Amino acid sequence: MNDGLPVDPVSLREEVKSKYREVASEPDGEYHFHTGRPLARRLGYDPAVVHALPDAAVESFAGVANPFSLRALEKGEKVVDAGSGAGFDCFVAAEQVGPRGRIVGVDMLEEMLEKSRRTAAAMGLENVEFREGLLEDLPIADAWADVVISNGVINLCADKARVFAEIWRVLRPGGRLQFGDIANGKPVPESAVHDIDLWTA
Amino acid sequence: MMEETGFVDVEIGPAYDTFGQARGEDKARRFDVYGYSFLARKPS
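These protein sequence lines map, in sequence, to chains A and B.
Heads up, the first sequence is in the numbering used here, so the first residue is 1 and it goes up one at a time.
Heads up, the second sequence is in the numbering used here, so the first residue is 1001 and it goes up one at a time.
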């Protein structure tokens, strides 16, 4: 059973993995959402920062908003990206925190982790690392992070209360949560809420 | 939900037309779906 959750978390994860595995390997494919540099422009990322990134760092970007638009990161901050995908937001964060800062991206998809690690190595970023994990169980020590960022991933988790509790755990007191996500202005029918195919459609 | 967790000073930025001109635009319009940036703080 789903323990009161709208859908089975494990089944939803498999659906999400299937969709985003494609985005990692075929970034120019046809999706229901925008990707890559056109999406970064649409979401108001700093054009100079995005322009300076290699294609591999940007092409699989599939966020839904801009975690840096309400507040930029500060030099030296320690940052966790919950659901880091191919690493685009981690690379933007690395530019903001500078070489004294640290970035840990967490993702559940092997293809995304491989791609983001390859890109970080190619960019010579020694303060950016990527770990396998779930948002519901972040592989990060208590109170390690100054900031947790995320972009378009929390909405793909069935147990959002657990995700926010986990983000709370890894943030230090006084730390910030900066994330992008979607919200609907009109009610979604109950039947659709329980239809796992629609969560990633 | 963020405030239920304990976060304070929650801010929400303006809407992004995340799905405009994308293949998922029709579905997004049906439920008025937009992207938003959120900022919140864990109290000291």
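Virtual Cβ for every residue (Gly too), placed ideally from N, Cα, C.
None of these values were measured; they are calculated from a predicted model.
Those residues which DSSP pairs with residue i across a bridge
{"i": "R102 (chain A)", "result": "A:K78"}
{"i": "G180 (chain A)", "result": "A:N151, B:S1037"}
{"i": "V1008 (chain B)", "result": "B:R1041"}
{"i": "A145 (chain A)", "result": "A:L171"}
{"i": "R131 (chain A)", "result": "A:V106"}
Residue i versus the options, residue with shortest Cα-Cα distance
{"i": "M108 (chain A)", "options": "A:L171, A:G87, A:E95, A:V128", "result": "A:G87"}
{"i": "G4 (chain A)", "options": "A:A158, A:D181, A:T119", "result": "A:A158"}
{"i": "T119 (chain A)", "options": "A:K17, A:E26, A:L53", "result": "A:L53"}
{"i": "I103 (chain A)", "options": "A:D146, A:L12, A:L134, A:S11", "result": "A:D146"}
{"i": "W144 (chain A)", "options": "A:A122, A:G133, A:R176, A:G124", "result": "A:R176"}
{"i": "E132 (chain A)", "options": "A:D142, A:I154, A:G105", "result": "A:G105"}
{"i": "H46 (chain A)", "options": "A:R100, A:E95, A:V7, A:V80", "result": "It is Asp, not His, that sits at residue 46 (chain A) in the sequence shown. Nearest option by C-alpha distance: A:E95."}
{"i": "D208 (chain A)", "options": "A:V7, A:P173, A:E14, A:F91", "result": "Shown here, chain A extends from 1 to 201; a query on residue 208 (chain A) therefore has no answer."}
{"i": "G174 (chain A)", "options": "A:V97, A:K78, A:S191", "result": "A:K78"}
{"i": "F1007 (chain B)", "options": "A:Q178, A:K186, A:A122", "result": "A:Q178"}
Test item: CB-CB of residue i and residue j under 7 Å
{"i": "S1037 (chain B)", "j": "G1020 (chain B)", "result": "no"}
{"i": "I140 (chain A)", "j": "P67 (chain A)", "result": "no"}
{"i": "L73 (chain A)", "j": "A93 (chain A)", "result": "yes"}
{"i": "V49 (chain A)", "j": "G1035 (chain B)", "result": "no"}
{"i": "P27 (chain A)", "j": "S60 (chain A)", "result": "yes"}
{"i": "R169 (chain A)", "j": "D142 (chain A)", "result": "yes"}
{"i": "N155 (chain A)", "j": "F1031 (chain B)", "result": "no"}
{"i": "H51 (chain A)", "j": "R1023 (chain B)", "result": "no"}
{"i": "V188 (chain A)", "j": "P6 (chain A)", "result": "no"}
{"i": "T1042 (chain B)", "j": "L171 (chain A)", "result": "Per the sequence presented here, residue 1042 (chain B) reads as Lys, with Thr not at that position. Yes."}
Sequence-distant residues of its chain with Cβ nearer than 6 Å to residue i (five each side left out)
{"i": "M1 (chain A)", "result": "In this prediction, M1 (chain A) has a pLDDT of 47, which is less than 50 and means its spatial position is unreliable; nothing more can be read from the coordinates."}
{"i": "K115 (chain A)", "result": "A24, A86"}
{"i": "L1039 (chain B)", "result": "E1011"}
{"i": "A1028 (chain B)", "result": "F1019"}
Neighbourhood of residue i by C-beta, 7 Å cutoff - its chain only, sequence neighbours within 5 removed
{"i": "E136 (chain A)", "result": "C157, D159, R162, V163, E166"}
{"i": "R21 (chain A)", "result": "L109, E111"}
{"i": "H34 (chain A)", "result": "R42"}
{"i": "R100 (chain A)", "result": "K75, G76"}
{"i": "E1003 (chain B)", "result": "V1010"}
Residues of its chain near residue i, where Cβ-Cβ distance is below 8 Å and the 5 sequence neighbours each way are ignored
{"i": "G152 (chain A)", "result": "A62, G63, V64, A65, G83, G180, D181, I182"}
{"i": "K17 (chain A)", "result": "M108, L109"}
{"i": "G98 (chain A)", "result": "K75, G76"}
{"i": "G44 (chain A)", "result": "N66, S69"}
The segment 115-129 of chain A / the segment 32-50 of chain A touching (three or more Cβ pairs under 8 Å): no
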